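Chains A and B, in that order, are what the protein sequence lines are. Add 982 to the 1-based position in the first sequence for our numbering, that's all there is to it. Add 3 to the 1-based position in the second sequence for our numbering, that's all there is to it. All C-beta atoms, glycine included, are put in the ideal place defined by N, C-alpha and C. Here the structure is a predicted model, which means the values were calculated and not measured. Worksheet: one structure, shown below.
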Amino acid sequence: MQFQLNFKSGKPVYLQLVDQVKAAAASGALRAGEPLPSIRPLAEQLRVNRNTIAKAYAELESQHVIETVAGKGCFLRETGTPFKKDARLKLLSSEIDDAVVQAHHLQVAKTDFLQLAEDRFDRFQLKRTRAGN
Amino acid sequence: MPTTQHTAVIETTGLARRFGSTDAVNGLSLRVPAGRCYGFFGRNGAGKTTTIKCLLNLLRPTSGTVRLFGMDPAREEVAVKSRIAYVPDQVAFYPWMTVRETLDYFASFRSHWNDATERGLLDQFRLDTRQKTSHLSKGQRTQLALITAICPEPELLVLDEPTSGLDPIVRREFIQTVIGAYQDGDPGHRTVFVSTHLISEFEGLIDEFTIIEEGRAVLTLAADEARERYQKIYARFAEAPAGLDLAGARVLRSGGREIELVTDGDAGPILDRLKAQSPEAISSESLSLEEIFVATLQPGGAAA
């Protein structure tokens, strides 16, 4: 998979990696069982500290997005997540809060916002279906 | 003695070094934990090289203490030096020796030398081992110095302005080698301390840094935290806001409904206050470490 880092985004670099792996998983660019790049070549390629990559992978592992197989590397897990549904919703709600605040600043109405959310959802699903074939 | 998490790899307390009536280093306290890649940023003459020479026991401090792995490098010189390697800004080798002889000479001082790493790096840098060191270019001499520093697999790699004067390709290879060949060996026990004013090329490598000016530390922060706290913010309002509190920020541009500013180390509250005024548009981007460096040492000169 392809990573793009932006040192100006204000988001810690390891979190950018975490989010990009999750986005790749959500869109089907990365499928369950597929390997993530090894730490050393990825660090060299992105020219970031290997600790940063290791921290991102550790975070993904603690969130049960990937699993580490000793001597083989990291792999994307099946989407089953061990969190209970309300815990999962809670994780998501803070991200939605940010979007709602942003919508308010941009004067995007609730109906338009919900429509947009639905469109984006469908887009990911479409991408995933295509990637699956 | 193993390096535990509690023992810093480098620790200086009130370090000072005077030359005549000049205080080159003036009360510097630093703490570098194991496994970090630590940036030591300063302008020419800020005291970087003097500090490094005190760490390596090449200079005796006028006052203050230096501890490497918890030991005094002046008292336990061999025990300390066997665990570190140093690449200076001006690399000098015996000119009559070949590359091969130079490597063997350096290896003879070390209890451990990774031959596979040596072969790999000679190959990667395309260095001819039969070449006399006096015939090497500046870039090749730096590459050879890096090989002599990495092959002993030291726990601490000290780099003093390692990439100044090198072409961009050699610089990139240098940094990739530090990330790859060095750091990958045993990550928890691979600490890098790099002094430089070419900050942007080390942006991704640095996880914590100190900015030094006139021999004193003026700012010490984790890189991610620094990028979060130093931001350039643009906001546009429906009408010019009245009584906006902009403490902790430096206004770059302010005309009627628009404002552009740089936060001075704490972006959060300022962003909150701007958002509370219901702006039509608001955007922010982090300063790079280099811009933070400029903003810290030359208020008013940054990010214009």
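Residue interval of the beta strand (DSSP E) (run including residue i)
i: lysine 135 (chain B); result: Counting along the chain, lysine 135 (chain B) falls outside any beta strand (DSSP E), and DSSP gives it neither H nor E.
i: glutamate 1077 (chain A); result: From DSSP, glutamate 1077 (chain A) is part of no beta strand (DSSP E) but of the alpha helix (DSSP H) over 1067-1087.
i: valine 83 (chain B); result: It is not in any beta strand (DSSP E) - valine 83 (chain B) instead sits in the alpha helix (DSSP H) that spans 80-84.
i: tyrosine 41 (chain B); result: 40-45
i: glycine 183 (chain B); result: That residue, glycine 183 (chain B), is in no beta strand (DSSP E); it is neither H nor E in DSSP.
i: threonine 1050 (chain A); result: 1048-1051
i: alanine 11 (chain B); result: Neither: alanine 11 (chain B) is in no beta strand (DSSP E) and is coded neither H nor E.
i: isoleucine 87 (chain B); result: 87-90
CB contact check: residue i to chain A, cutoff 8 Å
i: glutamine 186 (chain B); result: yes
i: arginine 20 (chain B); result: no
i: glutamine 234 (chain B); result: yes
i: proline 190 (chain B); result: yes
i: proline 282 (chain B); result: yes
i: glutamate 261 (chain B); result: no
i: isoleucine 215 (chain B); result: no
i: glycine 42 (chain B); result: no
i: serine 198 (chain B); result: no
i: serine 287 (chain B); result: yes
i: glutamate 156 (chain B); result: no
i: serine 32 (chain B); result: no
i: glutamate 176 (chain B); result: no
i: aspartate 267 (chain B); result: no
Residue i at chain B interface by Cβ criterion, 8 Å
i: alanine 1025 (chain A); result: yes
i: lysine 990 (chain A); result: yes
i: leucine 999 (chain A); result: no
i: histidine 1046 (chain A); result: no
i: valine 1082 (chain A); result: no
i: valine 1116 (chain A); result: Missing from the structure shown is residue 1116 (chain A); chain A here goes from 983 to 1115 and no further.
i: alanine 1052 (chain A); result: no
i: glutamine 1097 (chain A); result: no
i: alanine 1036 (chain A); result: yes
i: arginine 1032 (chain A); result: yes
i: arginine 1022 (chain A); result: yes
i: arginine 1112 (chain A); result: no
i: glutamine 986 (chain A); result: no
Separation of residue j from residue i, as counted between CA atoms
i: arginine 20 (chain B); j: cysteine 57 (chain B); result: 8 Å
i: threonine 16 (chain B); j: leucine 31 (chain B); result: 6 Å
i: valine 1003 (chain A); j: glutamate 1049 (chain A); result: 13 Å
i: glycine 246 (chain B); j: serine 287 (chain B); result: 21 Å
i: arginine 232 (chain B); j: glutamate 80 (chain B); result: 40 Å
i: threonine 54 (chain B); j: threonine 65 (chain B); result: 11 Å
i: aspartate 1080 (chain A); j: lysine 1072 (chain A); result: 13 Å
i: serine 1044 (chain A); j: threonine 1034 (chain A); result: 15 Å
i: proline 76 (chain B); j: glutamine 186 (chain B); result: 24 Å
i: glutamate 206 (chain B); j: aspartate 1104 (chain A); result: 37 Å
i: threonine 52 (chain B); j: valine 102 (chain B); result: 27 Å
i: phenylalanine 109 (chain B); j: arginine 78 (chain B); result: 23 Å
i: tyrosine 1039 (chain A); j: tyrosine 97 (chain B); result: 45 Å
i: alanine 305 (chain B); j: isoleucine 215 (chain B); result: With a pLDDT of only 45 at alanine 305 (chain B), under the threshold of 50, the placement of this residue in the model should not be trusted; the figure read from the coordinates follows. Distance between the alpha carbons of alanine 305 (chain B) and isoleucine 215 (chain B): 17 Å.
i: leucine 201 (chain B); j: serine 257 (chain B); result: 32 Å
i: serine 167 (chain B); j: asparagine 29 (chain B); result: 25 Å
i: threonine 105 (chain B); j: aspartate 189 (chain B); result: 26 Å
i: alanine 1006 (chain A); j: leucine 1058 (chain A); result: 10 Å
i: leucine 1088 (chain A); j: threonine 10 (chain B); result: 50 Å
i: asparagine 988 (chain A); j: serine 1076 (chain A); result: 22 Å
Host alpha helix (DSSP H) of residue i (start-end)
i: cysteine 57 (chain B); result: 51-58
i: alanine 229 (chain B); result: 226-232
i: tyrosine 108 (chain B); result: 102-110
i: serine 32 (chain B); result: Segment 25-35 is the beta strand (DSSP E) holding serine 32 (chain B); no alpha helix (DSSP H) there.
i: leucine 997 (chain A); result: 995-1009
i: tyrosine 1039 (chain A); result: 1032-1044
i: leucine 125 (chain B); result: 118-127
i: glycine 1055 (chain A); result: Not the alpha helix (DSSP H): glycine 1055 (chain A) falls in the beta strand (DSSP E), residues 1055-1058.
i: glutamine 143 (chain B); result: 141-153
Residue i - partner residues in DSSP beta bridges
i: glutamate 260 (chain B); result: First, the residue type needs correcting, since residue 260 (chain B) is arginine and not glutamate in the sequence shown. Arginine 260 (chain B) is not bridged to any residue.
i: serine 66 (chain B); result: B:Ala19
i: glutamate 288 (chain B); result: B:Lys235
i: methionine 74 (chain B); result: B:Leu71
i: proline 163 (chain B); result: Inspection of the sequence shows that residue 163 (chain B) is occupied by aspartate rather than by proline. For aspartate 163 (chain B), which the question treats as bridged, DSSP gives the partners B:Ser198.
i: arginine 219 (chain B); result: B:Glu216
i: glutamate 211 (chain B); result: B:Tyr41 and B:Ala225
i: threonine 266 (chain B); result: B:Ala252
i: proline 1017 (chain A); result: A:Phe1057
Chain D contact residues for residue i, given Cβ-Cβ distances below 8 Å
i: leucine 1028 (chain A); result: Structure shown: chain D not included; protein chains present are A and B.
- Query: On the three-pair Cβ rule with 8 Å, is the segment 37-49 of chain B touching the segment 200-219 of chain B?
  - Reply: yes
- Is the segment 221-228 of chain B in contact with the segment 181-197 of chain B, if contact means three or more CB pairs nearer than 8 Å? no
- Task: Could you tell me whether the segment 167-183 of chain B touches the segment 1008-1020 of chain A, where touching means 3 or more Cβ pairs closer than 8 Å?
- Result: no
- Query: Would you call the segment 20-29 of chain B and the segment 127-137 of chain B in contact, with 3 or more CB pairs under 8 Å?
  - Reply: no
- For the segment 151-159 of chain B against the segment 117-135 of chain B, are there 3 or more C-beta pairs whose distance is under 8 Å? yes
- Item | Three CB pairs or more closer than 8 Å across the segment 280-297 of chain B and the segment 225-244 of chain B | yes
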